[in-house]
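First up is the structure itself, then whatever we jot down about it.
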Amino acid sequence: MNRRESIWENLDWITVLIYLVLVLTGWLTIHAAIFESGSDMSPFDPDLRSGKQLIWIGISMVFFIFIMVIDYKVFLTFSVPIYIITVSLLLIVLILGTEVSGSRSWFALGGIKIQPSEFTKYATALILGRFFNQLNFDIKKPKNFLKVAMLIALPFGLIILQGDTGSALVFIAFTLVFFREGLSAIFIIVGVVSFVLFIGTLLLGLNSMLGILAGLLVLGILISLKNRKRLLILGVSVAAAAAMVFSVDFVFSNVLKPHQQNRIQVFLNPNADPTGAGWQVTQSKIAIGSGGFWGKGYLKGTQTKFDFIPDQSTDNIFCTIGEELGFIGSFFLIICFTLLLIRIVMIAERQRTLFARVFGYSVFSLILFHYSVNIGMTIGLFPVVGIPLPFYSYGGSALISFSLLLFTLLKLDAHRMQVLGRFN
Amino acid sequence: MNENRKYFFLGIAVLTALIFIVRLSVLQVFDSTYRSEAENNIIQRNIDFPFRGLIKDRKGRILAENMPSYTLQVIPRQMRKQQEESMMSWLDLSREEFNSKIEKARSFSYYKPSDFEKLLPQDEFSEIQDKLIDYDGVVVKPILRRAYPHQSLSGALGYVAEIDKEKLEKEKGKGYHQGDMVGISGLELEYEETLFGEKGVKYEMVNVKGESQGSFKAHEYDTTAIPGHDIAISIDLELQQYAEFLMDGRRGSVVAIEPASGEILTFVSAPFYDPNLLTGRDLGHNFSALTTDTTKPLFNRPLMAAYPPGSIFKLVQALVALQTGVITPVTRIRCNRNIIACHGAHTYEDLQGAIQYSCNPYFRQVLRRVLNQNESDNTYEDTRLGFEGWYDKITSFGFGNPLGIDLPNEKGGYIPPSSYYDKIYGRNRWKFSTIYSLAIGQGEILTVPIQMANLAAIIGNRGFYYPPHFIKSIDGDDAMVPAKYKEKITTAVEEKYFGVVVDAMAKVVEDGTGFRGAVPGLEVCGKTGTAENPHGEDHSVFIAFAPKDDPKIAISVYVENSGQGARAAAGIAGLVMEKYLLGEIQRKYLEEYILRGEFIY
Chain D
429 MNRRESIWEN LDWITVLIYL VLVLTGWLTI HAAIFESGSD MSPFDPDLRS GKQLIWIGIS
489 MVFFIFIMVI DYKVFLTFSV PIYIITVSLL LIVLILGTEV SGSRSWFALG GIKIQPSEFT
549 KYATALILGR FFNQLNFDIK KPKNFLKVAM LIALPFGLII LQGDTGSALV FIAFTLVFFR
609 EGLSAIFIIV GVVSFVLFIG TLLLGLNSML GILAGLLVLG ILISLKNRKR LLILGVSVAA
669 AAAMVFSVDF VFSNVLKPHQ QNRIQVFLNP NADPTGAGWQ VTQSKIAIGS GGFWGKGYLK
729 GTQTKFDFIP DQSTDNIFCT IGEELGFIGS FFLIICFTLL LIRIVMIAER QRTLFARVFG
789 YSVFSLILFH YSVNIGMTIG LFPVVGIPLP FYSYGGSALI SFSLLLFTLL KLDAHRMQVL
849 GRFN
Chain A
605 MNENRKYFFL GIAVLTALIF IVRLSVLQVF DSTYRSEAEN NIIQRNIDFP FRGLIKDRKG
665 RILAENMPSY TLQVIPRQMR KQQEESMMSW LDLSREEFNS KIEKARSFSY YKPSDFEKLL
725 PQDEFSEIQD KLIDYDGVVV KPILRRAYPH QSLSGALGYV AEIDKEKLEK EKGKGYHQGD
785 MVGISGLELE YEETLFGEKG VKYEMVNVKG ESQGSFKAHE YDTTAIPGHD IAISIDLELQ
845 QYAEFLMDGR RGSVVAIEPA SGEILTFVSA PFYDPNLLTG RDLGHNFSAL TTDTTKPLFN
905 RPLMAAYPPG SIFKLVQALV ALQTGVITPV TRIRCNRNII ACHGAHTYED LQGAIQYSCN
965 PYFRQVLRRV LNQNESDNTY EDTRLGFEGW YDKITSFGFG NPLGIDLPNE KGGYIPPSSY
1025 YDKIYGRNRW KFSTIYSLAI GQGEILTVPI QMANLAAIIG NRGFYYPPHF IKSIDGDDAM
1085 VPAKYKEKIT TAVEEKYFGV VVDAMAKVVE DGTGFRGAVP GLEVCGKTGT AENPHGEDHS
1145 VFIAFAPKDD PKIAISVYVE NSGQGARAAA GIAGLVMEKY LLGEIQRKYL EEYILRGEFI
1205 Y
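Respectively, the protein sequence lines represent chains D and A. Counting in our numbering, the first sequence runs from 429 upward without gaps. Counting in our numbering, the second sequence runs from 605 upward without gaps.
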């Protein structure tokens, strides 16, 4: 029984510490976001969002104990059924779910609302680990790539059907994991270039963009005159890029919904309509910018208190930190997230099984995506996408889902010396 | 396998942090505009409008007061499409009007309230008050508007309205802002600074809906409004209303002055209107109706209507001649009607008789003696010398220049100076025979009614006057009355020469043309006149003061197109003096005669 007791010795306490700092400051920030000046609202009041969040933190702690005491093998063993169950829930929610502000992604059970898409992230992280863990699994083989790509595409598609594009986009983050496991960098490059082409075309217009491409083509031809193979690659990629540029307009106006078009327009041209479509971006920048270096003081924010920011306890929670705790507070939060991300990479890298390592990188990718997109949108570096800030935003499903991801990684890490799957 | 790729992931984490920190330091540390934008968001500067000073009459009755009214404001961001139809119906607006108003509000701000429908009176507001609860984005701003409870004195009170751009520019630095209600004309304009008071400011924090979230920095920057000063004016409301009653439906003016002080007791510019027309939301509409009215109700006749003074000017000619020493009370002159027409049965009168019968040949001769005193051999030069002396004495009665009344737009009439004739005829090319019509108050001479009332006061005072004025006290303190209204102005004619003129005026009323100007039991001095009107019937004019000794009231009455001064003007003057001196009208038959209004027969 020595082994079992030593779980606490093997636990990565640094991560636990960062986790606790994040959820507790998150709880206090939720309190600040809903606080009405002059009132005697208590952060412990279970009728308020802050009190509820504290309950969710408590429930997460129960999950923590549970995960630490159960057999570490269950995660690999049950990864398939967990995945099947959560994906089924995504299907069911389409039929039985409650519609909240345009998306049908919640189960209402009594007073509690559960968002299955949050748990699907956890399930997908597990099942990806299991697939990569198979003997001779090589992501470079198209068959394998298609397999894991399907595992991501399935929940992605279902969540899109729910109307929750933000949560669906999160699944794209898993491609980072593939990259770690050997997927050619071309995919990442193509992804980044596509993004640049898309934004560039919207910003500069079709003709300028084609001009730039033509320029690049001429330059490339001059450089690689004598290399036929290179010329071929160059021609194909420029042609593909041109096709992409031509399709931007179509994609923008036919694939994206009007509110998504608005968000992108606002991102590209933030001052065009500050009182209409640009309201949220303008106001969140005002709130954060007005915090100054030291902030206005805890519970003393005005922009968030007086409802200039929508969704301030959930997606826009960072505005409250920026306004009340200023640059100092924001800096501290970013340092915490960065330390957590670095720590997760270190943990993932020291795993001896592919299951644990892939799971670790999944955790990394999910947290990175949520954190960078969420903060990026509040400070105008990214179009508005409605996803929560991990550990911070109000919401039980997201908190528990992220907690499960982190705790499971810690559990696997604590048992890393025990052989679980194949060595890499 | 691929272990080096971990640096890619570490790199992303660090790079993201760096980008965020740089961006945040720009937003939060280096760019301070967000701080002021945040304050703009939450701080609402609410003007605390001062209570505008009241205007009272000489007995403390309120002539101008403040009434609650309500301005509806809209917050475009909160308005719902479904509300629009019903809002248009209860505000009685067309689609186009509604849209243009909304557009105006939007261009000001999406999330701050801006004026939508201004100055709804209490009764109209009560009708819609209950409905407002169901409307999002509609805010009520209570605002005081001016009201004139007696609907009287339109010629003097003026009106109050929102300050216009021009005035805002002109009065820069005096603390006026767009939206302030200021005096635009009349006493409201003249005493604007006294009545306005001082605005206060309350800074309030508001949320995104514009709802108050309490004071800003514990009222540290707030100031309280200081109410404007009340003013009392010399008008006697009862007398004013009686004079308006008599002048109803006519054109002309009634000005009554207290001779001992220059205080204006009655000031009627007819036709008159209810000054409440120029308050509240219909101001613009009513104002243009008054402007286009062919009877010109906005033309302030007592101050601006210049008429030839006619026979009444003989009084001044007599006084100037006496002072000049060219006649004495017993001077008799033959009524030679070959040179100039005359009327009535008389042939050879002394001064008193000449005034009483208004003898034209007599006063022609009087002016000749004033102008030609044989001081120069050259008859032209002689006339010029005499004319200069005459001009100085005439203008000492307040003719030719504004008297300095406390109302805007006072005109001075016209007394031609010698340079005027030089210009027309050339220097030393005009003489008495060129300008003799001045003798009987015709020719180039023009006077305004207030000057004629002042003339009555001067004769009643035997040679002096105080500039006519309205102001009686400010906040009950008469020491605040401007010094220029307490300054006694003496004419160039000595007191001793007035007796004969006063006696003659008494005769005019006692058994002459001015009999309708009499007041039972009192000695009234008056003079009738007829202002020639080339465009139609002559204007009926009468001036008077009473009692003869130590007069309490001096008056001038003009009734346009009503023929001889003996009828309409003398009758009205008599009734107004009777009302003032006796308190009630004993001569009902005279009142009926005036109200019947058949003066041309």
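Glycine is no exception: its CB is placed at the ideal position from the N, C-alpha and C atoms. The structure displayed is predicted, hence computed values, not measured ones.
query = Who are A836(A)'s beta bridge partners in DSSP?
reply = Against the second sequence, residue 836(A) aligns to sequence position 232. A836(A) is bridged to K660(A), S1077(A).
ask   = Should Y674(A) be labelled buried (16 or more other beta-carbon atoms within 10 Å of its own) or exposed?
value = Numbered from 1 along the second sequence, position 70 holds the residue referred to as residue 674(A). It is buried - the Cβ of Y674(A) has at least 16 other Cβ atoms within 10 Å.
request  = Please check if any C-beta of chain D sits within less than 9 Å of the C-beta of F720(A).
outcome  = Counting from one through the second sequence, the residue named residue 720(A) turns up at place 116. Answer no: the Cβ-Cβ gap between F720(A) and chain D never drops below 9 Å.
query = Can you find at least 3 beta carbon pairs, one from the segment 754 to 762 of chain A and one from the segment 780 to 797 of chain A, that sit closer than 8 Å?
reply = yes
request  = Report yes or no: is there a C-beta of chain A within less than 9 Å of the C-beta of G585(D)?
outcome  = As a working note, residue 585(D) is residue 157 in the first sequence. Closer than 9 Å: no.
key: contact_flag[the segment 1017 to 1025 of chain A, the segment 993 to 1008 of chain A] where n(CB pairs < 8 Å) is 3 or more   = yes
Within chain A, partners of S829(D) - CB distance below 8 Å = Translated into positions along the first sequence, residue 829(D) becomes position 401. Those within 8 Å of S829(D) in chain A number zero; the least Cβ separation is about 21 Å.
ask   = Is L833(D) close to chain A, meaning its C-beta is less than 9 Å from at least one C-beta of that chain?
value = Against the first sequence, residue 833(D) aligns to sequence position 405. No, L833(D) lies away from the interface with chain A (no Cβ there is under 9 Å from its Cβ).
query = Can the beta-carbon of L887(A) be found closer than 9 Å to that of H833(A)?
reply = As a first step, residue 887(A) is located in the second sequence; it is residue number 283 there, counting from the start. As a first step, residue 833(A) is located in the second sequence; it is residue number 229 there, counting from the start. Cβ atoms of L887(A) and H833(A): not closer than 9 Å.
ask   = Exposed or buried, P863(A), counting other C-beta atoms within 10 Å across all chains shown (16 or more means buried)?
value = The residue given as residue 863(A) occupies position 259 in the second sequence. Flag for P863(A) reads buried.
ask   = So P901(A) packs on P875(A), CB below 8 Å; how close in whole Å?
value = The sequence position of residue 901(A) within the second sequence is 297, counting from 1. The sequence position of residue 875(A) within the second sequence is 271, counting from 1. With a Cβ gap of about 5 Å, P901(A) and P875(A) count as contacting.
message = For the structure I just gave you, are there three or more beta carbon pairs, one from the segment 705 to 724 of chain D and one from the segment 742 to 750 of chain D, closer than 8 Å?
response = yes
key: Where Y795(A) falls: helix, strand or coil (DSSP)   = If you number the second sequence from 1, residue 795(A) lands on position 191. Coil at Y795(A), not helix or strand.
ask   = To which residues of the same chain is P1163(A) closer than 6 Å at the C-beta, ignoring the five residues directly before and after it?
value = As a first step, residue 1163(A) must be located in the second sequence, where it is residue number 559. Checking the displayed sequence, the identity of residue 1163(A) turns out to be Val instead of Pro. These residues qualify, in order along the chain: R854, G856, S1144, A1172, A1173.
task = Kindly indicate which three-state DSSP category Q817(A) falls into: helix, strand or coil?
result = The residue labelled residue 817(A) in the question sits at position 213 within the second sequence. Strand at Q817(A).
Contact set for R395(D): own chain, Cβ-Cβ below 7 Å, skip 5 residues either direction = The requested residue 395(D) is not part of the displayed model; chain D covers only 429 to 852.
message = Just verifying my parser: in three-state terms, what is the DSSP assignment at R649(A)?
response = For the purposes of this step, residue 649(A) is taken as the residue at position 45 of the second sequence. Residue state, collapsed to three classes: strand.
inquiry  = Could you give the first and the last residue of the continuous alpha helix (DSSP H) run that contains Y1184(A)?
reply    = Residue 1184(A) sits at position 580 when you count from the first residue of the second sequence. Note, Y1184(A): alpha helix (DSSP H), 1172 to 1186.
key: Separation of G1140(A) from L919(A), as counted between CA atoms   = For the purposes of this step, residue 919(A) is taken as residue 315 along the second sequence, with counting starting at 1. For the purposes of this step, residue 1140(A) is taken as residue 536 along the second sequence, with counting starting at 1. Rounded to whole angstroms, L919(A) to G1140(A) spans 26 Å at the Cα level.
query = Three-state secondary structure (DSSP) at N430(D)?
reply = Counting from one through the first sequence, the residue named residue 430(D) turns up at place 2. Annotation note: pLDDT 44 at N430(D) (below 50); position unreliable, no value reported.
query = According to DSSP, is T675(A) helix, strand or coil?
reply = Stepping through the second sequence from its first residue, residue 675(A) is reached at position 71. In the structure shown, T675(A) sits in a strand (DSSP, three-state: E or B).
ask   = Where does A669(D) fall in DSSP's three states?
value = As a position in the first sequence, residue 669(D) is number 241, starting the count at 1. Helix.
message = Taking DSSP's pairing of strands, which residues face N1165(A) in a bridge?
response = The residue given as residue 1165(A) occupies position 561 in the second sequence. For N1165(A), which the question treats as bridged, DSSP gives no partner whatsoever.
request  = Flag this pair as yes or no: are the beta carbons of T552(D) and S790(D) separated by less than 9 Å?
outcome  = As a position in the first sequence, residue 552(D) is number 124, starting the count at 1. As a position in the first sequence, residue 790(D) is number 362, starting the count at 1. Their beta carbons are under 9 Å apart, which means T552(D) touches S790(D) by this criterion.
key: Secondary structure of K541(D), DSSP reduced to three states   = Taking the first sequence and counting its residues from 1, the one referred to as residue 541(D) is at position 113. Here K541(D) sits in strand by DSSP.
inquiry  = Quick check on the burial criterion: 16 or more other C-beta atoms within 10 angstroms. Buried or exposed for D768(A)?
reply    = As a working note, residue 768(A) is residue 164 in the second sequence. Exposed: under 16 other Cβ atoms inside 10 Å.
request  = Consider the Cβ of A776(D): report whether some Cβ of chain A lies at a distance smaller than 9 Å.
outcome  = As a working note, residue 776(D) is residue 348 in the first sequence. Cβ-Cβ to chain A under 9 Å: yes for A776(D).
inquiry  = Please state the DSSP three-state secondary structure of K713(D).
reply    = Mapped onto the first sequence, residue 713(D) falls at position 285. Reduced to three states, the DSSP call for K713(D) is helix.
key: Alpha-carbon to alpha-carbon, V576(D) and G849(D)   = Within the first sequence, the letter at position 421 stands for residue 849(D). Within the first sequence, the letter at position 148 stands for residue 576(D). Low local confidence applies: a pLDDT of 48 at G849(D) is under 50, so the model's placement there is unreliable, and no value is given.
inquiry  = For R750(A), count the other beta carbons within 10 Å of its own beta carbon; 16 or more makes it buried, fewer makes it exposed. Which is it?
reply    = Walking along the second sequence from the start, residue 750(A) turns up at place 146. That one is buried.
query = Can you give the Cα-Cα distance for I1049(A) and P717(A), rounded to whole angstroms?
reply = Here the question's residue 1049(A) lines up with position 445 in the second sequence. Here the question's residue 717(A) lines up with position 113 in the second sequence. In a straight line, the C-alpha of I1049(A) is about 58 Å away from that of P717(A).
request  = Report the residues of the segment 793 to 818 of chain A with a CB closer than 8 Å to any CB of chain D, ordered along the chain.
outcome  = M809, V810, N811, V812, K813, Q817, G818
request  = Please state whether DSSP places V626(A) in a helix, a strand or coil.
outcome  = Residue numbering aside, residue 626(A) sits at position 22 when the second sequence is read from its first letter. Correct three-state label for V626(A): helix.
request  = Take L1184(A) as the anchor and find which of G1167(A), A1158(A), E1202(A) has the nearest alpha-carbon.
outcome  = Here residue 1184(A) refers to the residue found at position 580 when the second sequence is read from its first residue. As written in the sequence, residue 1184(A) is Tyr, which differs from the Leu given in the question. Among G1167(A), A1158(A), E1202(A), the Cα nearest to that of Y1184(A) is on A1158(A).
ask   = With burial defined as no fewer than 16 other Cβ atoms inside 10 Å of the residue's Cβ, what is the status of F787(D): buried or exposed?
value = Taking the first sequence and counting its residues from 1, one reaches residue 787(D) at position 359. Buried, because 16 or more other Cβ atoms sit within 10 Å of the Cβ of F787(D).
task = Would you check if there are 3 or more beta carbon pairs closer than 8 Å linking the segment 1021 to 1040 of chain A to the segment 948 to 966 of chain A?
result = no
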